[in-house]
Amino acid sequence: MGERKMSRFDSLDDIESSKVKGGHSHAIKDASWGVILTLAFQSIGVVFGDLGTSPLYVYSSTFPNGVKHKEDIVGVLSLIYYTITLMPVVKYVFIVLRANDNGNGGTFALYSLLCRNVKIGLIPNQQKEDREVQQYHQNNSNTTKKESGCSMKVQKSLEKSLFAKYSLLFATILAVSLVIGDGVLTPCISVLSATGGIKGASSKFTDEMVVWISVVILIILFIMQSFGTDKVGYSFAPILCIWFIFNAIVGIYNFCKHDAGVIKAVNPWHIVKYFQRNGFDGWTSLGGMVLCITGTEALFADVGHFSVKSIQVSMSTVVYPAVILQYSGQAAYLSNHPEDVASAFYKAIPGPVYWPMFVIAVLAAIIASQAMISGTFSIIHQSLALGCFPRVKVVHTSAKYEGQVYIPELNYLLMIACVCVTLGFGTSTHIGNAYGIAVVFAETLTSFFMVLVMLLIWKTHILLVLLYICCIMSVELVYLSAVLYKFPSGGYLPIAFACILMSIMFTWNYAYRKTYYYELDHKVSKDKVLEIIDQSNLCRIPGMAIFYSDLVHGIPPIFEYYVGNVRALHSVLVFTSIKSLPVSKVPSEERFLFRRVHPEKPVFRCVVRYGYTDVHRNQDDFEGVLIEELKRFVVANRKTKNSRFDEGKNNEISNSEDENVGNVYESRENESGNESEVIDEAARLGVVHMVGESEVIAQKESAVMKRMVINYGYSFLKRNVRQSDEVFGIPRTRLLKVGMTYEL
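Numbering of the sequence shown is given in UniProt numbering, commencing with residue 1 and proceeding in unit increments.
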């Protein structure tokens, strides 16, 4: 007779759990061409604003000191042709987009993919029950390929090396910080470049006036963020479509009128001749030329709103042809008017369409800024979910599109930064020096992660990986070397932004991990929990208590501290942990995991799992859903236990342990058959939300740096960010904070 597995009621650290069923997840898969074309049209207004407005400032940034030789224009155009083709099209649209995390993109998506497939995470997130989430391995179809020796060696090296794990986290946070810095610089350079066209109306409009007009537009733009992009989001697509059509038409007009001979730029030999003529100056000019690919990182980050096919279609049929024609038209115009390079875009516009083009340019610049700001909010939202950013309020501005979020604190900090940058630099050329570093550095880090994804997840042949490194990553490194040369001329700005953001993120993440492991090491044992709950001298309070903790396995030490001081327990107690998984979304039917803490009393363990793009419900909704799912768990759990007991009786199992367990089941059926009603009654009498607020300090014998980070850095951040009850939206009238000191 085979051994029968028995579930345990007191499972705190074990895997046994019950999933409650809810809604159904969905994704855009195998969509019809009608849906794909609709999404492609919409993506033009959200994804390509930054890339589409780059013709406003590329030539002026590439030739800050004027055009020295007419053939240089053809050489630069040839570089633009192949840079745009290689980076946004080949790299991002046809390679990187395939590395999306169940439809979501960005640096955190690549990092989460690696964390799920390789043990590189610094906080445990690969429990057995988490791997059962349907999206955990959903898009890793290539993992069935036979692993190469190189792949296995790289994986083992990463998993064994603590330095490698920290380095990957460092690279992730650096890339995120650079994209956030991009969110500051994009509005500045786009709006300033577009507004500069007003000088064509009259000589009375000076550069200083253009700067102040730009500042006003930026302030209005950030004030409007609180309304949410859903209010105006998809009205962007028609405006951007008009923008791309205008660019294509004006480009064709200038190409035909001025110098159709610039078409010879399709011959890459002109790139070689350009560097032969200009040498060192040609290399430094790459720092301005790279601005033709701004927004490609945002293209990857925003894929979650659409689909890979839709972005491929819109890029190939609308965006790529339009920008290529615009750059070609400007080059043709500059062949005859090289003295106008500082304002080539507006100088090349025919008179009758000048003002319509100016209006559309300003609107396009605002849209490009809007997309980057929204992307920054989404990145911070992901950082919060992975414990890499201090707690801030996240407002979901759209009930229809979950990815659209607004963060009030960050919004006004970005506004102040944008205004200061615009006033401080004054011209798009100077801002371009800073902008280039943010763009190329972030893209190079993406390539680094892509190499790991190819090796460890896709199991790509090593020769193809080397081809990617030689053809794409090496070009990015050349561009990176050129933009770093401009470090003293404004390039320091994104690096300064990144250093500040990384200091904040690392400080928070370090203390977050230390606190987690402290609670894990000092968690209350199973026997101790049962002993505490069974104490006869504890006062029993009618109602339900939901006790929040970051600890996922076991009961946190703060519970024993609470009981020792208050000497009271509610009739129903639910220990609740909010856990973020390294997946983009957790389906609602897999969101809740329940465990029974006590075999006879209504004391439960609940883990609520979210992906890094999931929407956290407001507290009233969350509380109601948790109670309903808890009742469903109780019913399902009782039925499961009784059916197993009946099976044991039918098989005439005589094992005394099974008989004892069976007696417990029968007792619970008789005495706790109305446990769902007990939970309902407790909820009706009142729900109290208990939040553990631990004060974290470093041990006296700790190193000086550790004491500075925890005692000063982390403490300062914790005092000045939103508290747990504000983030979760817990009503203050039903909030009870329990505090104790952790010495790390």
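Cβ coordinates follow ideal geometry from the N, Cα and C atoms, glycine included.
In this text the structure is predicted, and so the values were computed from the model without any measurement.
In three-state DSSP terms, what is Asp182? One-based indexing of the sequence shown puts residue 182 at position 182. DSSP places Asp182 within a helical segment (H, G or I) once states are collapsed to three.
Considering just the uninterrupted stretch of the beta strand (DSSP E) at Ala342, what are its terminal residues? Position 342 of the sequence shown, counted from the first residue, corresponds to residue 342. Ala342 -> no beta strand (DSSP E), and no H or E assigned at all.
Note down, in chain order, each residue of its chain lying with its Cβ closer than 7 Å to the Cβ of Asp259, except the 5 sequence neighbours on either side. Counted from its first residue, the sequence shown places residue 259 at position 259. Exclusion of the five residues before and after Asp259 leaves Ala332, Ser335 and Asn336 as the residues of its chain whose Cβ lies within less than 7 Å of its Cβ.
For Val67, which residues of its own chain have a beta-carbon under 7 Å away from its beta-carbon, when the five flanking residues on both sides are left out? Numbered from its first residue, the sequence shown carries residue 67 at position 67. Taking C-beta separations shorter than 7 Å and ignoring five residues to either side along the sequence, the partners of Val67 in its chain run Ile73, Leu334, Pro338 and Val341, following chain order.
For the beta strand (DSSP E) that Ile697 lies in, which residues bound it at each end? By one-based count along the sequence shown, residue 697 stands at place 697. Under the DSSP assignment, Ile697 falls in the beta strand (DSSP E) whose first and last residues are Val687 to Ile697.
Under 7 Å between the Cβ atoms of Val250 and Ile217? Reading the sequence shown from its first residue, position 250 is the one you call residue 250. Reading the sequence shown from its first residue, position 217 is the one you call residue 217. Result no, Cβ atoms of Val250 and Ile217 do not sit closer than 7 Å.
Under 7 Å between the Cβ atoms of Val563 and Cys188? Residue 563 sits at position 563 when you count from the first residue of the sequence shown. Residue 188 sits at position 188 when you count from the first residue of the sequence shown. Contact: no.
Entirely within the segment 525-565 and at least 4 residues each: give me those alpha helix (DSSP H) ranges in chain order. Qualifying alpha helix (DSSP H) stretches, in chain order: 526-533.
Reduced DSSP category for Phe163 - H, G, I as helix; E, B as strand; rest coil: Here residue 163 is taken as the residue at index 163 of the sequence shown, counted from 1. DSSP places Phe163 in helix when its eight states are reduced to three.
Taking 6 Å as the cut-off, does the CB of Val216 come closer than this to any heavy atom belonging to the ligand MG? Although the ligand MG was asked about, the structure shown includes no ligands whatsoever.
Tell me whether Ser474 is buried or exposed, calling it buried when 16 or more other Cβ atoms sit within 10 Å of its Cβ. Indexing the sequence shown from 1 puts residue 474 at position 474. So Ser474 counts as exposed.
Around the Cβ of Lys737, are there at least 16 other Cβ atoms within 10 angstroms (buried) or fewer (exposed)? One-based indexing of the sequence shown puts residue 737 at position 737. Exposed, because fewer than 16 other Cβ atoms sit within 10 Å of the Cβ of Lys737.
Between which two residues does the alpha helix (DSSP H) carrying Ser285 extend? Counted from its first residue, the sequence shown places residue 285 at position 285. Taken as a continuous stretch (DSSP letters only), Ser285 belongs to no alpha helix (DSSP H), as it is neither H nor E.
When the Cβ atoms of the segment 530-548 are set against those of the segment 564-574, are three or more pairs found closer than 8 Å? Three or more beta-carbon pairs separated by less than 8 Å link the segment 530-548 to the segment 564-574, which places the two stretches in contact.
Give the secondary structure of Ala703 by DSSP, where H, G and I count as helix, E and B as strand, and everything else as coil. The sequence position of residue 703 within the sequence shown is 703, counting from 1. Coil, per DSSP.
Give me the residue from Tyr561, Arg734 and Lys459 with the minimum Cα distance to Leu114. As a first step, residue 114 is located in the sequence shown; it is residue number 114 there, counting from the start. The residue with the shortest Cα to Cα distance from Leu114 is Lys459.
Taking only three categories from DSSP, how would you classify Gly22? Along the sequence shown, read from residue 1 onward, the residue named residue 22 stands at position 22. Unreliable positioning characterises Gly22 in this predicted model, as indicated by a pLDDT of 37, which lies under 50. A coordinate reading is not provided.
Option in Glu519, Met502, Val58 and Tyr518 with minimal Cα separation from Leu79: Position 79 of the sequence shown, counted from the first residue, corresponds to residue 79. Closest by alpha carbon: Val58.
If the criterion is Cβ atoms closer than 7 Å, does the pair Asn117 and Ile457 meet it? For the purposes of this step, residue 117 is taken as the residue at position 117 of the sequence shown. For the purposes of this step, residue 457 is taken as the residue at position 457 of the sequence shown. In this structure, Asn117 places its C-beta atom within 7 Å of the C-beta atom of Ile457.
Along the chain, where does the beta strand (DSSP E) that runs through Glu743 open and close? Translated into positions along the sequence shown, residue 743 becomes position 743. Counting along the chain, Glu743 sits inside the beta strand (DSSP E) bounded by residues Leu735 to Glu743.
Is DSSP giving Arg277 helix, strand or coil here? Along the sequence shown, read from residue 1 onward, the residue named residue 277 stands at position 277. Arg277 sits in a helix when the DSSP states are folded into three classes.
Selection from Leu626, Lys601, Glu600 and Ala703 that minimises the alpha carbon distance to Phe592: Indexing the sequence shown from 1 puts residue 592 at position 592. Of the candidates Leu626, Lys601, Glu600 and Ala703, the one whose C-alpha sits nearest the C-alpha of Phe592 is Leu626.
Does the Cβ of Arg719 have 16 or more other Cβ atoms within 10 Å, making it buried, or fewer, making it exposed? By one-based count along the sequence shown, residue 719 stands at place 719. Classification for Arg719: exposed.
Take every Cβ of the segment 170-182, pair it with every Cβ of the segment 349-359, and state whether three or more of those distances are shorter than 8 Å. Flag = no, the segment 170-182 and the segment 349-359 do not touch.
Beta-carbon gap between Pro602 and Val572 smaller than 7 Å: Residue 602 sits at position 602 when you count from the first residue of the sequence shown. Residue 572 sits at position 572 when you count from the first residue of the sequence shown. A contact, by the Cβ cut-off of 7 Å.
Between residue 779 and Val210, is the Cβ-Cβ spacing less than 7 Å? There is simply no residue 779 to check, as the chain begins at 1 and stops at 744 in what is shown.
On a CA-only basis, which of Ala636, Thr38, Leu717 and Pro55 is nearest Ala344? Give me that one, please. Your numbering for residue 344 matches position 344 in the sequence shown. When only C-alpha atoms are compared, the closest one is Pro55.
What is the DSSP secondary structure of Phe205, reduced to helix, strand or coil? The residue labelled residue 205 in the question sits at position 205 within the sequence shown. Phe205: coil per DSSP, three-state reduction.
Short of 6 Å in beta carbon distance, which residues of its chain neighbour Thr62, apart from the five on each side in sequence? Order them along the chain. Start at 1 with the first residue of the sequence shown, and residue 62 comes out as number 62. Cβ neighbours of Thr62 beyond the five flanking positions: Val76, Ser285, Gly288 and Met289.
Inter-residue Cα distance where the pair is Cys388 and Leu122: In the sequence shown, counting from the first residue as 1, residue 388 sits at position 388. In the sequence shown, counting from the first residue as 1, residue 122 sits at position 122. So the alpha carbons of these two residues sit roughly 12 Å apart.
Can you round the beta-carbon distance between Phe594 and Arg605 to whole angstroms, since I take them to be within the 8 Å contact cut? Against the sequence shown, residue 594 aligns to sequence position 594. Against the sequence shown, residue 605 aligns to sequence position 605. Arg605 and Phe594 do touch by the CB rule: their CB atoms are close to 7 Å apart, below 8 Å.
Please identify the residue among Leu325, Ser112, Gly490 and Pro64 whose C-alpha is closest to the C-alpha of Phe449. For the purposes of this step, residue 449 is taken as residue 449 along the sequence shown, with counting starting at 1. Of the candidates Leu325, Ser112, Gly490 and Pro64, the one whose C-alpha sits nearest the C-alpha of Phe449 is Ser112.
Quick check on the burial criterion: 16 or more other C-beta atoms within 10 angstroms. Buried or exposed for Phe635? Sequence index remark: in the sequence shown, residue 635 carries index 635 (1-based). A small fix is needed here, since residue 635 is Val in this sequence, not Phe. Its Cβ having fewer than 16 others within 10 Å, Val635 is exposed.
Around the C-beta of Pro557, are 16 or more other C-beta atoms found within 10 angstroms, so that it is buried, or is it exposed? Against the sequence shown, residue 557 aligns to sequence position 557. Pro557 should be labelled buried.
Any contact between the segment 295-304 and the segment 86-98? By contact I mean 3 or more CB pairs, one from each, below 8 Å. Output reads yes: the segment 86-98 touches the segment 295-304.
Specify, as a first and last residue, the run of the beta strand (DSSP E) that Lys579 falls within. To locate residue 579, count along the sequence shown from 1; it is residue 579. First-last of the beta strand (DSSP E) with Lys579: Ala568 to Ser580.
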